[in-house]
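Asks: Using our numbering, the letters of the sequence shown correspond one by one to residues 1461 to 1770. Quick one: this structure, given as structure tokens, is what I'll be asking you about.
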Amino acid sequence: MTLDDLRVFTAVCRAGSLSAVARDLSCTQSAVSQHVKRLERELGVSLLERHARGVVPTSAGRVLWAAAADGIGGIDLAVRRLRDLARGDGGAVRVTTGATSVRHFMAEAVVDFRERCPRVTLEFQTMSSSSACFDALAADDLDLAWITIGTPVRGIELRPVVELPWVLAVRADDPLAGRERAELADLAAGRLITPPGNSTSRGQLDVHLGESGAELPTGTSVADWDTAVLLAELGLGHAVVPALPGWRDQGPAGLRLVPVPDLPPLQVGWAVRRWDALSPSARAFADTVAEHCAPLGPRPAQDGSLAARV
């Protein structure tokens, strides 16, 4: 049994797919399967159940998954600290997030952090979705993931930082541009530009609309908010997006951001493997970003804790 076996196994449990992990690791599905089989031979139990749509851990697999996720996270962070000590410098803070998050949520915090901690290196790894950030956080030597807060994930601690109200981005000459608010029926009535179907934000939209009896029409889906508002500006439809920080004082050029108050706000914030195991530099960067996000809107309730252990 090796650490690589355990890393691959936890990634498979989280993704529910051998092929998805193989793509992420740039290897064959057979190579991924060999890691799992080696663990099964070592332990003498079956760890995965195979179904038409993927795999799920057995009862024995769930026991190993829970222990491995905690253990690997602690080992990786300890190795990081030891390497930083060996180099004798300030080390690095490694962050995974979406393509536009640094600009919208972290620009001022990055400048502030560099002034406070000039010897610490900031490294960013861009991912296309919150689920991809979770996988990268679990599989790679990363400290923090900035994500849309959604369904809890085993082995990951979540720290919501700010709530973003939903708005409908429409052209200035659109009939909805003069409205004080957009109703849920307005979203279902026209061409809509939305997050992709497998994203956390789209899943939350579908749930809230489903509860109200509305349904999003078939339209254009995009991977990031900036592209959504650009397509709305070009006249391809209305974009349902969160009110991002850079749009608070002045919305995107040529567009009107109409509030959609019937949609619950979108929560965004940090995900980590273990908050109490983060390096001081990683904690400082996470806190710096939270400080700069504080004026943007209400911080979600923490239930008496900075991090919700999943």
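We put the beta carbon where it would ideally sit given N, CA and C, even for glycine. All values derive from a computational prediction rather than experimental measurement.
I believe Gly1533 touches Arg1743 by the beta-carbon criterion, under 8 Å. Please report the beta-carbon distance rounded to the nearest angstrom.
Replies: With 8 Å as the limit, Gly1533 and Arg1743 do not qualify as a contact, their Cβ atoms being about 15 Å apart.
Asks: Helix, strand or coil: which one does DSSP assign to Arg1474?
Replies: Residue state, collapsed to three classes: helix.
Asks: Tell me the rounded alpha-carbon separation between Ala1649 and Asp1484.
Replies: Ala1649 and Asp1484: Cα-Cα distance of roughly 38 Å.
Asks: So, under 8 Å CB-CB, Leu1508 and Val1523 are touching, yes? Tell me the CB distance rounded to an integer number of Å.
Replies: Not really, about 13 Å apart at Cβ, beyond 8 Å.
Asks: Taking Cβ positions, are Gln1727 and Pro1620 nearer each other than 8 Å?
Replies: Cβ atoms of Gln1727 and Pro1620: closer than 8 Å.
Asks: Between Leu1636, Asp1646, Ile1535, Ala1559, which lies nearest to Ala1605 when the distance is taken from Cα to Cα?
Replies: Of Leu1636, Asp1646, Ile1535, Ala1559, the residue nearest in Cα terms is Ala1559.
Asks: Quick check on Pro1635: does DSSP put it in helix, strand or coil?
Replies: Helix at Pro1635.
Asks: Please classify Gly1670 as buried or exposed, where buried requires at least 16 neighbouring CB atoms within 10 angstroms.
Replies: Gly1670 comes out exposed.
Asks: Have a look at Thr1462 and Pro1517 and give me their C-alpha separation to the nearest angstrom.
Replies: Roughly 19 Å separates the two Cα atoms.
Asks: Does the Cβ-Cβ distance between Cys1593 and Ala1731 come in under 8 Å?
Replies: Yes, the pair counts as a contact, with Cβ atoms nearer than the cut-off.
Asks: Rounded to the nearest angstrom, how far is the Cβ of Arg1662 from that of Thr1654, given a contact under 8 Å?
Replies: That belief holds up - the Cβ atoms of Arg1662 and Thr1654 are roughly 6 Å apart, short of 8 Å.
Asks: In the DSSP assignment, the beta strand (DSSP E) including Val1740 goes from what residue to what residue?
Replies: Residue identity check: residue 1740 is Pro in the sequence provided, not Val. Unbroken run through Pro1740 is the alpha helix (DSSP H), 1740-1753; no beta strand (DSSP E).
Asks: Arg1563 by DSSP, collapsed to three states: which one?
Replies: The answer is helix: DSSP assigns Arg1563 an H, G or I state.
Asks: Taking 8 Å as the cut-off, decide whether the C-beta atoms of Val1627 and Ala1637 are in contact.
Replies: In this structure, Ala1637 does not lie closer than 8 Å to Val1627 by Cβ.
Asks: Helix, strand or coil for Ala1771, going by three-state DSSP, please let me know.
Replies: Here the chain has residues from 1461 to 1770 only, and residue 1771 is not among them.
Asks: Confirm, please, whether the CB-CB distance from Leu1466 to Ala1512 is below 8 Å.
Replies: Result no, Cβ atoms of Ala1512 and Leu1466 do not sit closer than 8 Å.
Asks: Check this for me: beta carbons of Thr1680 and Leu1694, under 8 Å apart or not?
Replies: Contact: no.
Asks: Less than 7 Å between C-beta atoms, sequence neighbours within five positions excluded: which residues of the same chain meet that for Ala1746?
Replies: Result list for Ala1746: Leu1604, Trp1730, in chain order.
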